[in-house]
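Enquirer: Before I ask anything, here is the structure I am working with.
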Ligand code: BG6
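Numbering (our numbering), first residue to last: 295 to 786.
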């Protein structure tokens with residue numbers, strides 16, 4: 295028996311207009327996601343994908359790039375006939391330097407089918423959002439059914455994020471704006487909502503009475519790749535913590551929403567963000583660590599240092615960050631949330647670990663203190679949930695016990711292909727469901743807290759600790775025995 299909520303409603307004919315349609319994100323994420331939903335039979339309505347590009351480009355070149363991107367990302371699900379069908383939905387539109395001529399071509403294409411609603415996907419740097427929005431508005435290409443999808447980074451601090459928001463809000467209403475955070479589209483992340491709010495067992499224990507600390511880790515073995523220019527202006531804090539990690543924290547810490555309605559969920563996440571304790575020039579020293587990778591080895595291959603990747607002699611940008619955060623509210627009083635992320639770590643590995651307090655009175659006295667239960671929600675590389683509990687080791691002669699994991703392996707339990715985060719999110723945009731997208735006030739609250747960190751780093755001139763690529767990051771005060779970095783010995 296399975297229980298369904300909100301299935302396949304509101305699927306109406308659409309035009310998806312992708313600005314930056316020949317960019318890396320479009321080929322790696324957006325088109326594969328659309329193709330997968332297409333072959334899954336989801337896109338039964340009429341639709342066009344309008345690829346807006348700046349440079350001159352032959353149609354055949356685009357087709358070749360698209361088919362190789364799809365082959366690479368969809369592997370065994372690639373089907374040449376279906377690809378050809380899919381391709382029929384594409385229209386290429388060149389708009390060089392925001393020329394009016396180009397926008398008129400787009401308008402003509404959109405106006406061909408006025409039964410469709412338009413979704414504008416801004417997969418471009420945010421400094422052109424304003425210009426695109428006002429041209430679309432001037433040409434009457436925005437109506438109450440239109441939507442806009444925007445990608446991060448949405449600003450580099452609170453003021454710039456408000457400015458970007460205002461440019462979008464000059465053309466669209468908040469209810470039409472979809473700010474993507476692809477972590478919210480991951481299956482295990484959504485499962486966190488079901489785990490918490492559909493299982494009485496956990497919700498009862500989900501508070502400072504029972505939980506000792508929470509650890510959220512996103513470790514990547516990749517470096518900055520071709521994005522060094524962007525990354526050097528951003529760093530791990532803005533690139534990963536301000537958005538993805540804070541969203542995970544919100545889902546762990548929020549109160550049960552009244553319903554799954556988008557605004558109810560977002561109201562609860564906002565309360566968490568507002569309750570985050572701001573860092574000061576005192577707490578920044580004890581409660582954060584920042585680091586940068588030096589040369590090292592990953593999977594037996596030599597890899598460059600960050601500075602070599604960047605091609606510079608000097609940079610203060612952090613590629614690793616660890617933060618001890620507090621949510622100052624009734625439920626989470628004094629429970630530390632350890633947030634960590636880094637590039638060029640030993641492995642790609644992400645999880646959320648809920649460390650429960652040990653039993654109040656231990657009747658099995660052993661040399662070591664009895665540890666508490668752990669709930670491990672693994673996001674990467676495999677999606678899995680584990681509940682670590684104390685178990686007696688069989689045999690006579692007193693009690694010997696050890697922690698054993700009850701494992702729910704998603705792959706084993708659900709023998710089907712796992713949709714990529716973007717599949718879920720793009721389909722939600724088409725259906726008009728904003729639950730998994732950030733509202734402007736969430737974004738501002740996230741920036742306010744993030745700003746307290748980088749401002750305090752600046753004020754105290756805190757330096758990066760260097761760590762070797764292929765290690766688990768700088769050994770530090772935030773990684774002592776009680777806050778063990780990695781909880782699963784198998785990954786060490
Ligand atoms: C992106 C960051 O938002 O998320 C990248 O800009 C990072 O730096 C990526 O590598 C991680 O996403 P995932 O889904 O691979 O964990």
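Quick reminder that beta carbons are idealized off the backbone N, C-alpha and C, glycines included.
Remember, predicted model here, so these are calculated numbers, not experimental data.
May I ask you to list the residues that DSSP assigns as paired with residue 618?
Expert: In DSSP, residue 618 forms a bridge with 632.
Enquirer: Just list the beta strand (DSSP E) runs in the stretch 557-598, keeping only unbroken ones of 3 residues or longer that don't cross its boundaries, in chain order.
Expert: Listed in chain order, they are 582-588, 590-592, 595-597.
Enquirer: Which residues mark the beginning and the end of the alpha helix (DSSP H) in which residue 487 is found?
Expert: From DSSP, the alpha helix (DSSP H) with residue 487 extends over 481-491.
Enquirer: For residue 681, which residues of its own chain have a beta-carbon under 6 Å away from its beta-carbon, when the five flanking residues on both sides are left out?
Expert: The residues are 669, 700.
Enquirer: Any contact between the stretch 484-493 and the stretch 602-616? By contact I mean 3 or more CB pairs, one from each, below 8 Å.
Expert: Flag = no, the stretch 484-493 and the stretch 602-616 do not touch.
Enquirer: So, for residue 549: in the same chain, excluding its five sequence neighbours on each side, which residues have a beta-carbon less than 8 Å away from its beta-carbon?
Expert: Result list for residue 549: 562, 565, 625, in chain order.
Enquirer: Would you list, in sequence order, the uninterrupted alpha helix (DSSP H) runs of no fewer than 4 residues that lie entirely inside the stretch 649-712?
Expert: Runs found: 704-707.
Enquirer: Can you give me the Cβ contacts of residue 661 inside the same chain, cut-off strictly under 8 Å, excluding the 5 residues immediately before and after it?
Expert: Correct list: empty, nothing qualifies.
Enquirer: Under 8 Å, Cβ to Cβ, is there at least one residue of chain D near residue 618?
Expert: Of the protein chains in this structure there is only one, and it is not chain D.
Enquirer: DSSP three-state call for residue 309: helix, strand or coil?
Expert: DSSP places residue 309 in strand when its eight states are reduced to three.
Enquirer: Suppose you measure from the CA of residue 341 to the CA of residue 365; what does that come to, to the nearest Å?
Expert: Answer to the nearest angstrom: the Cα atoms are 22 Å apart.
Enquirer: Helix, strand or coil for residue 441? Go by DSSP, reduced to three states.
Expert: Strand, per DSSP.
Enquirer: Just checking, does the stretch 437-448 make contact with the stretch 409-418 on the three C-beta pairs under 8 Å criterion?
Expert: Flag = yes, the stretch 437-448 and the stretch 409-418 touch.
Enquirer: Taking only the alpha-carbon atoms, compute the straight-line gap between residue 658 and residue 698 and give it to the nearest angstrom.
Expert: Cα-Cα distance, rounded: 17 Å.
Enquirer: Are the CB atoms of residue 473 and residue 433 within a distance shorter than 8 Å?
Expert: Contact flag unset, no.
Enquirer: Tell me whether residue 450, by its Cβ, gets closer than 7 Å to a heavy atom of the ligand BG6.
Expert: No, the ligand BG6 has no heavy atom inside 7 Å of this Cβ.
Enquirer: Could you please give the first and the last residue of the uninterrupted beta strand (DSSP E) stretch that includes residue 403?
Expert: Not the beta strand (DSSP E): residue 403 falls in the alpha helix (DSSP H), residues 394-405.
Enquirer: Does DSSP classify residue 768 as helix, strand or coil?
Expert: Residue state, collapsed to three classes: coil.
Enquirer: Compare the Cα-Cα distances from residue 471 to each of 513, 436, 531, 690 and report the closest residue.
Expert: When only C-alpha atoms are compared, the closest one is 436.
Enquirer: Closer than 8 Å by C-beta to residue 312: which residues in its own chain qualify, once you throw out the five before and the five after it? Chain order, please.
Expert: The answer, listed in chain order, is 320, 324, 343, 344, 345, 346, 415, 417.
Enquirer: The beta strand (DSSP E) that contains residue 387, what's its start and end?
Expert: Run containing residue 387: 384-388, per the beta strand (DSSP E) assignment.
Enquirer: Please classify residue 559: is it buried, with 16 or more other beta-carbons within 10 angstroms of its beta-carbon, or exposed?
Expert: When all chains shown are included, residue 559 counts as buried.
Enquirer: Give the DSSP-derived three-state secondary structure of residue 470 in the structure shown.
Expert: If DSSP states are grouped into helix, strand and coil, residue 470 belongs with the helices.
Enquirer: Would you tell me roughly how many angstroms separate the C-alpha atoms of residue 588 and residue 641, rounded to the nearest one?
Expert: Near 16 Å, if we compare the C-alpha coordinates of residue 641 and residue 588.
Enquirer: With a Cβ-Cβ cutoff of 8 Å, do residue 717 and residue 331 count as a contact?
Expert: Yes, they are a contact pair.
Enquirer: Between the alpha carbons of residue 685 and residue 695, how many angstroms are there, rounded?
Expert: So the alpha carbons of these two residues sit roughly 5 Å apart.
Enquirer: How about residue 704 and residue 677: do their beta carbons lie closer than 8 Å?
Expert: Yes. Within cutoff.
Enquirer: Specify whether the stretch 580-595 and the stretch 533-549 touch according to this definition: at least 3 beta carbon pairs, one from each stretch, less than 8 Å apart.
Expert: Counting Cβ pairs under 8 Å, fewer than three are found: no touch.
Enquirer: Please list, in chain order, all residues of the same chain as residue 429 whose beta carbon is under 8 Å from its beta carbon, the five residues on each side excluded.
Expert: Once the five neighbours on either side are set aside, the close Cβ partners of residue 429 are 392, 394, 397.
Enquirer: Looking only at DSSP bridge pairs, what is residue 415 linked to?
Expert: Residue 415 is bridged to 312, 443.
Enquirer: Can you confirm whether the stretch 630-645 touches the stretch 506-525 when touching is taken to mean that 3 or more C-beta pairs between the two stretches lie within less than 8 Å?
Expert: Output reads yes: the stretch 630-645 touches the stretch 506-525.
Enquirer: With distances taken between CB atoms, is the gap from residue 764 to residue 590 smaller than 8 Å?
Expert: Contact flag set, yes.
Enquirer: Please state whether DSSP places residue 508 in a helix, a strand or coil.
Expert: Three-state result, residue 508: strand.
Enquirer: For residue 478, which three-state DSSP category applies?
Expert: Helix, per DSSP.
Enquirer: Using only the alpha-carbon positions, how far apart do residue 335 and residue 498 sit?
Expert: Near 40 Å, if we compare the C-alpha coordinates of residue 498 and residue 335.
Enquirer: Thinking residue 505 and residue 651 are a contact (beta carbons under 8 Å), I'd like their distance in whole angstroms, please.
Expert: Right, their Cβ atoms sit about 7 Å apart.
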